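If you count the sequence shown from 1, position 27 lands on 28 in my numbering, and the numbers rise without skipping.
We put the beta carbon where it would ideally sit given N, CA and C, even for glycine.
Note that this is a predicted model, so its numbers are computed, not measured.
Remarks on the structure that follows.
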Amino acid sequence: MRALMLSLSLLLAPQAAPAADAVNGETLAKRWCSGCHLVSEDQRKGNDLVPSFASIASRPDFDEDRLATFLLEPHPKMESMALSRIETRNIAAYIAEQRRR
Ligand code: HEC
Numbered sequence: 002m003r004a005l006m007l008s009l010s011l012l013l014a015p016q017a018a019p020a021a022d023a024v025n026g027e028t029l030a031k032r033w034c035s036g037c038h039l040v041s042e043d044q045r046k047g048n049d050l051v052p053s054f055a056s057i058a059s060r061p062d063f064d065e066d067r068l069a070t071f072l073l074e075p076h077p078k079m080e081s082m083a084l085s086r087i088e089t090r091n092i093a094a095y096i097a098e099q100r101r102r
């Protein structure tokens, strides 16, 4: 009976939105973004014309949600790349972490 109650309460618990996964975001960023952007502190080679993720995260108007939305569309000079909504949120969370450092 206790087990039944427990599983019932688990079933009835409101579903929390899955938290953005910054670790997965890092993997995605290294795969998809590091050709142009400096995506992490340990990356040495980037493109001078492209803002580093640390500098993007430090902008006064930085907004993690807006960034995730922005990433749903490839930006102008980017080769075509389609990221899922979850992937964009993970990358945005990874970039947002660089703000707090
Ligand atoms: C082919 C090169 C290239 C790749 C790959 C690339 N970017 Fe960019 N990105 C740029 C350039 C160039 C700019 C600056 C000019 C612009 O905004 O178009 C930029 C700008 C940005 C900006 C700032 C936009 C703004 O508000 O100024 C963000 C955020 C960004 N990129 C995120 C990403 C992420 C995340 C990825 C990987 C999923 C990625 N980029 C992959 C070239 C690239």
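Quick one: is asparagine 48 buried, meaning 16 or more other Cβ sit within 10 Å of its Cβ, or exposed? exposed
Buried or exposed: serine 53, going by 16 or more other Cβ atoms within 10 Å of its Cβ? buried
Report the rounded CA-to-CA distance for arginine 45 versus proline 19, giving the unit in angstroms. 33 Å
Considering Cα atoms alone, identify which of Ala83, Thr89 and Ala94 is closest to threonine 70. Thr89
Please state the DSSP three-state secondary structure of leucine 68. helix
For proline 61, collect the residues of the same chain with a Cβ closer than 8 Å to its Cβ; drop the 5 residues on either side in sequence, then sort them by chain order. none
Proximity of glycine 26 and tyrosine 95 at Cβ, strictly below 8 Å: In contact: glycine 26 and tyrosine 95 (Cβ atoms closer than 8 Å).
Can you determine whether any heavy atom of the ligand HEC sits closer than 7 Å to the C-beta of isoleucine 87, and answer yes or no? no
C-alpha distance - serine 41 paired with alanine 55, whole-angstrom precision: 7 Å
Measuring alpha carbon to alpha carbon, tell me which residue in Leu50, Leu84, Ala30 and Glu98 is nearest phenylalanine 63. Glu98
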